[in-house]
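Inspection log for the structure reproduced underneath, given as structure tokens.
Residue numbers (mature numbering (1 follows the signal peptide of the UniProt record, and there is no 0)): -30 to -1, 1 to 312.
As structure tokens, this is what we get:
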């Protein structure tokens, strides 16, 4: 759907209101079909700020984006993703209990041009049967390494590991200790970020988890390093009214966090915040500067997925996905930026 600037703002505002109100927007999970090929139509997005041609937004340069639609009932609710091949093949999780796989294509000018080979598979239990209860498969965070997917779930808070097989995803083979006391995790504010630290840094590539909005007594957000030589609980300073929806480590060891806000006065917003790597430490309060903030005058929606990769020309790339909550008022977006480090 192509919207005017005013129509876009009204649509996103209505969608955000429904999202925050907790409306039951997701349809019932489909039957046990193991792999579901999904036809994706992708409309290119050439400008990040609506009606403006500018490309630079602080240290970020907008490359391009896609608005994705599909007739498939299960398509949507895309909560987290990671590239299996830089800027190309990806794996993801939907908070309705589905895996998804696909490929981002690019044109001759390196702008995203489409989504190919997209397919979905429902999460299954140890017996291989589809899990139909959303509270058991509310997948929100994802990390990948060496053929293993590590997934953060909320409501039934856990961090689970799966062998990656795009044609036959099975039940988890292992549950990890996430170190944070379970009673400190709020029901719908659990692990939105699951990522791996810099392999050459102090955490030696260990897993790091960050909750969306589970707060300690000081109002900071619970997080933990759950692998590596310096395991332990830490917190992330909550900056304003933003909640954390995903994150990934930069090559220099800093942690880039994707954040979302909704207020009646300000509507829906997204933000990228760079957390200093040295502050990601047991017992510390991690913090860092805001790199980008965007409201409904930009091409955003309910931004939930983030990954970082290096382009073939050496550019450091940041890619984002949105979660449409299976609402006709929201959109599934893919956005791509260059992060300039100089």
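Even glycine gets a Cβ: it sits at the ideal position worked out from N, Cα and C.
Flag this pair as yes or no: are the beta carbons of residue i and residue j separated by less than 8 Å?
i: residue 92; j: residue 67; result: yes
i: residue 316; j: residue 276; result: Outside the shown range of the chain (-30 to 312) lies residue 316, about which nothing can therefore be said.
i: residue 179; j: residue 148; result: yes
i: residue 273; j: residue 230; result: yes
i: residue 110; j: residue 70; result: no
i: residue 188; j: residue 155; result: no
i: residue 8; j: residue 40; result: yes
i: residue 72; j: residue 12; result: no
i: residue 228; j: residue 215; result: yes
i: residue 61; j: residue 119; result: yes
i: residue 198; j: residue 223; result: no
i: residue 34; j: residue 15; result: yes
Could you compute how far the alpha carbon of residue i sits from the alpha carbon of residue j?
i: residue 169; j: residue 176; result: 8 Å
i: residue 98; j: residue 133; result: 14 Å
i: residue 130; j: residue 101; result: 15 Å
i: residue 257; j: residue 245; result: 5 Å
i: residue 128; j: residue 22; result: 43 Å
i: residue 153; j: residue 125; result: 12 Å
i: residue 293; j: residue 312; result: 32 Å
i: residue 31; j: residue 151; result: 40 Å
i: residue 36; j: residue 76; result: 11 Å
i: residue 282; j: residue 265; result: 31 Å
i: residue 116; j: residue 42; result: 31 Å
i: residue 271; j: residue 297; result: 12 Å
i: residue 17; j: residue 47; result: 24 Å
i: residue 104; j: residue 138; result: 21 Å
i: residue 185; j: residue 80; result: 41 Å
i: residue 25; j: residue 145; result: 43 Å
i: residue 53; j: residue 4; result: 22 Å
i: residue 209; j: residue 286; result: 25 Å
Evaluate residue i with the Cβ neighbour count: other Cβ atoms within 10 Å of its Cβ, from every protein chain shown; 16 or more gives buried, anything less gives exposed.
i: residue 269; result: buried
i: residue 167; result: buried
i: residue 300; result: buried
i: residue 142; result: buried
i: residue 239; result: buried
i: residue 65; result: buried
i: residue 50; result: buried
i: residue 173; result: buried
i: residue 234; result: exposed
i: residue 295; result: buried
According to DSSP, what are the bridge partners of residue i?
i: residue 188; result: According to DSSP, which records beta bridges pairwise, residue 188 is partnered with nothing at all.
i: residue 237; result: 233
i: residue 193; result: 180, 204
i: residue 301; result: In the DSSP output, where bridge partners are listed per residue, residue 301 has none listed.
i: residue 270; result: BP columns for residue 270 are empty, so no partner.
i: residue 292; result: 273
i: residue 89; result: 7, 71
i: residue 162; result: DSSP, once it has assigned bridges, lists no residue as partnering residue 162.
With H, G and I counted as helix, E and B as strand and the rest as coil, what does DSSP make of residue i?
i: residue 248; result: helix
i: residue 104; result: helix
i: residue 263; result: strand
i: residue 12; result: strand
i: residue 64; result: strand
i: residue 154; result: helix
i: residue -14; result: Low confidence applies to residue -14: its pLDDT is 46, below 50, so where it sits in the model is not reliable enough to give any reading.
i: residue 306; result: strand
i: residue 111; result: strand
i: residue 313; result: In the structure as shown, the chain starts at -30 and stops at 312, and residue 313 therefore has no counterpart that could be examined.
i: residue 19; result: strand
i: residue 223; result: coil
i: residue 146; result: strand
i: residue 122; result: strand
i: residue 54; result: coil
i: residue 31; result: strand
i: residue 76; result: strand
i: residue 312; result: coil
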